[in-house]
Each structure stands twice: as structure tokens, then as C-alpha cells.
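Trainee:
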Amino acid sequence: MSGRKEILRCNICLETMKDERMLPSCGHMFCLQCLEEFVGHKIEIQCPVCRDKCRVPTAGVRSFPRNIYLKQFLDQLCAECEKYPRTEKCPHCGQTLCAQCRDGHVEALRNELSQIVCRVETLNDVKAAKDSKKEKKSLVDMQKSVEKEIAKAADDFVKLIRSQERKLKSQLKSCVNADVKDIDGRLNHYQDGIATLKQFTRKYDLRNMSDEQLIDMKNKWHDHYGVIEQTLNDNMTACQKDVTCQVDAIEVDKAVANSWKLATRDGGEVSLDSHRLSVSSFGLPPESPKPSVELVLLKDKPSCVFGGSGVAKGKLQSPFGVTFCATTNQIVLSDTHNHRIQIFELNGQPAAIFGSQSSPIGPLKHPVGIACMANGGYIIADAENHRVVMADKEGKFLRAFGKQGSGVNDFNQPWGVAADSTDRNIYITDCGNNRIQVVNIYGRYIRTIGRVELKSPTGIVIDGNDDVYVADCDNHRIVVYSKYGTKRRAFGWEGSKQGQLSSPCDVAIDVQGNVVVAEWGNHRVQVFTKEGQSIRMFGRKGTAEGEFTEPRSVTVTADNNIVVCDCGNNRVQIF
102 MSGRKEILRC
112 NICLETMKDE
122 RMLPSCGHMF
132 CLQCLEEFVG
142 HKIEIQCPVC
152 RDKCRVPTAG
162 VRSFPRNIYL
172 KQFLDQLCAE
182 CEKYPRTEKC
192 PHCGQTLCAQ
202 CRDGHVEALR
212 NELSQIVCRV
222 ETLNDVKAAK
232 DSKKEKKSLV
242 DMQKSVEKEI
252 AKAADDFVKL
262 IRSQERKLKS
272 QLKSCVNADV
282 KDIDGRLNHY
292 QDGIATLKQF
302 TRKYDLRNMS
312 DEQLIDMKNK
322 WHDHYGVIEQ
332 TLNDNMTACQ
342 KDVTCQVDAI
352 EVDKAVANSW
362 KLATRDGGEV
372 SLDSHRLSVS
382 SFGLPPESPK
392 PSVELVLLKD
402 KPSCVFGGSG
412 VAKGKLQSPF
422 GVTFCATTNQ
432 IVLSDTHNHR
442 IQIFELNGQP
452 AAIFGSQSSP
462 IGPLKHPVGI
472 ACMANGGYII
482 ADAENHRVVM
492 ADKEGKFLRA
502 FGKQGSGVND
512 FNQPWGVAAD
522 STDRNIYITD
532 CGNNRIQVVN
542 IYGRYIRTIG
552 RVELKSPTGI
562 VIDGNDDVYV
572 ADCDNHRIVV
582 YSKYGTKRRA
592 FGWEGSKQGQ
602 LSSPCDVAID
612 VQGNVVVAEW
622 GNHRVQVFTK
632 EGQSIRMFGR
642 KGTAEGEFTE
652 PRSVTVTADN
662 NIVVCDCGNN
672 RVQIF
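For what it's worth, our numbering labels the leading residue of the sequence shown as 102, then goes sequentially.
(1) May I have the straight-line CA-CA distance separating Asn510 from Tyr570, to the nearest angstrom?
(2) On the three-state DSSP scale, how would you describe Gly533?
(3) Give every residue of the same chain whose Cβ lies closer than 6 Å to the Cβ of Gly633, excluding the five residues on either side of it in the sequence, and list them in chain order.
(4) I'd like to check one pair, Ile529 with Ile537: are the Cβ atoms closer than 8 Å?
(5) Determine the burial state of Arg488: buried for a count of at least 16 other Cβ atoms within 10 Å of its Cβ, exposed for fewer.
(6) Decide if Asn671 is buried, meaning its Cβ has at least 16 other Cβ atoms within 10 Å, or exposed.
(7) I need the straight-line Cα distance from Asn430 to Lys231, nearest angstrom please.
(8) Got a sec, what are the start and stop residues for the beta strand (DSSP E) Cys666 sits in?
(9) To which residues does DSSP link Lys466 through a beta bridge?
(10) Buried or exposed, going by whether 16 or more other CB atoms sit within 10 Å of the CB of Val516?
(11) Let me know the secondary structure DSSP gives Ser604 once reduced to three states.
(12) I'd like to know whether the C-beta atoms of Ile113 and Cys132 end up nearer to each other than 8 Å.
(13) Identify whether Glu620 lies in helix, strand or coil by the three-state DSSP scheme.
(14) For Val580 versus Gly551, is the C-beta spacing smaller than 8 Å?
(15) Alpha carbon to alpha carbon, how far is Met491 from Ala484? Give it in angstroms, no decimals.
(16) With the cut-off set at 8 Å, would you say Val423 and Val673 are in Cβ contact?
(17) Going along the chain, which residues of its own chain have a beta-carbon closer than 6 Å to the beta-carbon of Lys416, five neighbours each way excluded?
(18) If you compare alpha carbons, which of Ser460, Thr644, Thr658 is closest to Pro652?
(19) If you compare alpha carbons, which of Glu554, Gly596, Asp667, Asn486 is closest to Thr587?
(20) Using the Cα positions of Arg545 and Lys504, report the straight-line distance between them to the nearest angstrom.
(21) By Cβ distance, which residues of its chain are closer than 8 Å to Pro158, with the 5 residues on each side in sequence left out?
(22) Would you report the Cα separation of Asn289 and Ser271, rounded to the nearest angstrom?
(23) I need the boundaries of the alpha helix (DSSP H) containing Glu137, first residue and last residue.
(24) Take Leu124 as the anchor and find which of Ile146, Ser404, Ile217 has the nearest alpha-carbon.
(25) State buried or exposed for Arg641, treating a residue as buried only when at least 16 other CB atoms are found within 10 Å of its CB.
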């Protein structure tokens with residue numbers, strides 16, 4: 102064994118040779134690295150063992166020959182101990198090892214991996230701590246920002262009130278000054294009259310007058326005095342009415358009212374008050390125009406509630422769809438379990454019913470989504486018949502297309518419908534087939550959208566730019582596509598916090614371009630910016646006004662009022 106070690110040992114580093122090279126002059130062998138360090142930039146060296154001179158090739162010591170037999174022998178040795186023949190190859194690092202070194206090598210690898218895991222866990226803890234600090238700082242910064250916004254809004258509010266105060270005081274002062282001037286003029290007139298009367302009485306000597314003259318003078322005096330007294334009374338009454346005239350409550354228009362809602366960067370909302378501001382004053386004449394300043398802030402109580410369980414006109418059974426018809430300024434409802442469409446005025450009064458009567462294409466069966474076209478006609482998702490129905494503005498069925506299936510122009514419970522800005526193309530959420538189909542108004546197939554990423558799509562709406570907003574119900578999000586099907590963005594994820602969604606069933610666009618979402622799972626309505634930032638939410642599970650049970654659909658009127666289809670409570674609420 103000692104002889105073998107001697108043969109394999111490099112006489113420069115005194116270790117087993119690695120990548121050996123042989124000096125051609127004497128045949129002694131050394132490690133390649135040792136020779137490179139030993140030679141440096143010399144062109145001739147002396148053998149470290151026998152001192153025989155050897156010329157270094159131009160290409161360097163790497164061009165010295167290798168001992169093939171010794172290389173083969175070295176390759177057969179264990180890479181760890183370099184004593185015993187190798188028997189196994191480590192799958193982790195690729196080294197060849199003998200049986201004696203294998204267990205120790207594996208244990209060393211295990212220790213090394215344990216240390217790596219510990220370092221990774223430590224780094225994760227450090228990262229989590231840094232993230233927590235960043236989150237804390239972000240919250241503090243957000244708090245300061247919101248406080249500044251609240252303070253600014255309050256200052257603006259106070260300035261508005263002060264401005265109105267100055268304006269009303271100025272109007273009051275002008276009115277009172279005019280009335281005082283008028284009263285002063287009348288007093289002067291009355292004083293002149295009194296002076297005239299005094300002169301009149303002094304002209305006559307009552308002691309030398311006959312009885313007839315005294316009676317005649319008394320009558321003249323009484324008549325003159327009555328005229329003066331009546332004039333005084335009439336003018337004083339008029340003055341009193343002028344001075345006590347009340348200025349009714351001043352109303353600020355909706356644009357001013359909207360400015361008192363603050364949206365924070367994390368989606369929260371701050372309301373200064375939920376009451377009506379009224380300012381009263383006195384001194385304006387009745388014919389004066391009434392200044393208007395009414396500040397109505399955010400309210401989560403409905404302005405109108407209608408419906409109720411039943412089959413009579415105006416009653417509902419699980420309404421699943423709602424839309425606002427701008428042509429007629431009416432609310433159109435899918436009265437789903439009554440298998441009909443009902444039309445209501447904005448005050449909740451029922452106007453018309455259609456869909457349950459017999460027709461050449463048959464009655465509706467569980468209608469869900471409904472949309473209004475510019476000509477006043479209707480597009481209806483007839484879910485249980487697996488088709489889409491077109492009707493005119495009188496409710497007469499024109500045509501229907503589609504059948505149950507998964508192919509082109511087939512449907513499996515179509516849910517939502519929407520027409521683009523041209524009213525020529527219809528977008529249909531094919532809920533059971535997890536896709537959107539686009540057809541023209543005659544039912545001819547155009548394209549399919551979202552086939553691989555949607556899961557039970559329900560509500561759908563198209564904005565003024567022809568961007569398509571889809572309620573991706575079982576994925577708990579809203580997805581936005583171009584009209585050609587290119588995905589633009591998506592927002593929302595499963596949860597009950599602000600900004601999160603639970604089974605969103607329908608989506609609408611309000612006057613400002615915000616996205617209004619009806620959440621079936623959270624029993625509420627949530628409003629987002631078009632980029633997906635939550636700015637408002639209202640409602641909770643219940644039966645009281647302002648509460649919902651499984652809201653299924655939502656729409657927005659021309660006055661920017663939100664109409665919610667409160668399905669579980671068989672009613673509609675307008676906010």
C-alpha cells in the first residue's frame with residue numbers, strides 16, 4: 102500500500118495526483134496545477150525530483166503527456182479517500198465513492214442540506230419581518246393621507262357653509278335696508294299728514310262753531326283718520342311679511358354632493374355625514390329666487406323597494422335578472438320562477454308583463470339575463486330552454502336561436518346577455534359550457550371568448566369603449582376583455598373583505614364608468630373603479646331594507662341609481 106501511495110503522490114504538493122502530467126525528460130509526474138504554479142513564466146525547468154532539465158512547450162505545461170495507465174488507475178479510486186476502488190456514484194454531486202466512504206458522504210450531504218434549510222428559513226423570517234415593517238409603514242402613511250383628505254374635505258365644507266352664510270346675510274341686509282328705507286318714507290308721509298291735521302284743527306274755533314258744523318267736522322275727521330289708520334295697518338302687514346319671509350332649505354347639486362365622499366388607496370371609503378344640510382334665513386321677498394344648497398351624502402338605505410313574493414302582476418318569484426331600458430326609462434326584470442318578464446316604472450309601479458303567453462316559439466322557461474337594445478327591443482337568456490330569445494318593444498317574440506349542447510351556437514344554461522355599441526353583435530355567457538359566445542342579432546356565430554379560463558360565467562356588460570366585463574362566478578372575480586376577446590385584466594379574489602368577491606353573479610357600469618358588482622355569496626353590492634380598486638360596498642344578509650339575500654343581478658339607471666335584484670327576498674331595491 103505504501104508503494105502505491107508513493108507512486109500516486111505528487112512530489113510538489115505531497116498529495117495524491119490530480120490531472121497528472123509527466124516530464125518527458127525524466128518521466129516523473131506531478132499534478133497539473135502544481136506544475137503550472139511551479140513553472141510560472143519559465144521556458145525551462147528542473148525536475149523537482151531528479152533535477153533533470155526540461156524545456157517547457159510553447160503551449161504550456163498542459164501539453165506535457167499524461168500517463169494513460171496511471172490515469173486509469175486513478176479513475177478507479179474512491180474520490181473521497183483515494184484508497185479503495187470506487188463502487189458507487191453519488192446521484193447528488195456525481196462523485197464516485199467506495200463502500201466505506203458512502204455513508205459518511207451521505208451524512209455530510211444531509212448535514213449540508215440541513216444547514217441550507219436553516220439558512221432559507223432564517224431568510225424567510227427576515228423577509229417576513231421586512232414585509233411586516235413595510236405593511237406597517239404603508240398603513241401609517243395611508244392613515245396620514247386619509248386624515249389630510251378628511252381635513253381638506255372638512256375645510257372645503259366649512260368654506261362652502263361660510264360662503265352661503267355671507268351670501269344670505271348680504272341678501273338679508275339688502276332686503277331689510279330696502280324695507281327700512283320704505284318704512285322711513287311712509288313715516289315721513291304720515292308725519293306730514295299729522296301736521297296737516299293739526300293745521301286743520303287749528304283753523305277752527307270749536308267754541309264758536311254750531312252743532313251742525315261740529316258734526317260735519319267730526320265726520321270729515323273720522324273719515325280722514327280711518328284712511329290713515331288703514332294705510333298704516335296695510336303697510337305694516339306688508340313689511341312684516343317681507344321681513345319674516347323664510348328662505349327654504351338650500352340644495353347643493355349632485356356634483357357638489359359627490360365631492361364629499363373620500364376613497365382611500367386601499368379601497369376604503371370615508372363619509373362625512375349621512376344627513377341633509379339645510380340653511381334657513383329671513384328677509385327675502387316672496388318673489389325672490391330661492392338659492393339652493395342641499396348636501397346629500399352617501400346613503401346605504403334604498404330610495405324605493407318593490408316586488409314581494411307572488412304570481413300576480415307586480416309580484417316576483419326569485420328574480421334573477423334586471424336591466425334599465427334607457428329608451429323607455431323603465432326597469433325590466435326576469436321574473437325567473439314565474440317564467441316571465443315584468444316591466445316596472447322607476448317608482449316601482451308595474452307597467453307590463455310578457456313571456457308566459459303562448460307564441461310560435463313557445464313560452465319562456467326560467468329566463469335569467471336580459472338586455473335592452475336601442476330600438477326598445479329585448480334580448481333574453483332563456484336558461485332552461487338553452488336558447489336566446491329576441492323580442493320587440495311590445496314584448497312580442499321575434500325569433501330564438503340555440504339548443505342544448507356544447508358545440509358552436511349550442512348552449513348549456515345561457516345566463517347573461519349584452520349587445521355592443523352597434524346593437525349588431527350579442528355577447529352571451531354560456532354558463533354551463535364555461536365560455537362566452539358572440540353571435541349577430543340573427544344568431545349567426547362569430548367567435549368564442551374565455552373557453553379555457555372562465556368557470557361558470559354569469560353576468561355580462563359592455564361599456565362605452567366596447568370593453569366586455571364578465572362576472573366569473575366560480576373563480577370569484579371580474580374579467581375584462583376587448584370586444585375581440587383579448588383579455589385586458591381581472592380583479593377580485595375569493596373572500597369577504599373589501600376588494601374581495603364571493604360568487605359575483607352580475608356586473609354593471611355606472612355613469613362615472615365604475616364597475617358595480619352583485620355578490621351572491623357575500624349578500625352585498627360592491628363598487629370598483631374600472632381598474633379594479635374597491636371604492637364602496639353596501640348591504641349584508643337579511644330581510645330589512647338595505648339588506649339582501651342572494652342578490653343575483655344589478656343595473657344602473659340614467660340618474661346613476663343602483664337597482665339590485667334581491668332574489669332571495671323576491672324584491673327589487675333602488676339606491
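A virtual CB, placed ideally from N, CA and C, is assigned to each residue, including glycine.
Mentor: Taking the definition as stated:
(1) 21 Å
(2) helix
(3) Phe592
(4) yes
(5) buried
(6) buried
(7) 55 Å
(8) 663–667
(9) DSSP, once it has assigned bridges, lists no residue as partnering Lys466.
(10) One detail in the question is off: residue 516 reads as Trp in this sequence, not Val. Around the CB of Trp516, 16 or more other CB atoms lie within 10 Å, so the residue is classed as buried.
(11) Note: Ser604 maps to coil in three-state DSSP.
(12) yes
(13) Of the three classes helix, strand and coil, the one that applies to Glu620 here is strand, per DSSP.
(14) yes
(15) 14 Å
(16) yes
(17) Gly409
(18) Among Ser460, Thr644, Thr658, the Cα nearest to that of Pro652 is on Thr644.
(19) Nearest option by C-alpha distance: Glu554.
(20) Roughly 13 Å separates the two Cα atoms.
(21) Ser164, Phe165
(22) Whole-angstrom Cα-Cα distance: 27 Å.
(23) Where Glu137 is concerned, the enclosing alpha helix (DSSP H) starts and stops at 133–140.
(24) Ile146
(25) exposed
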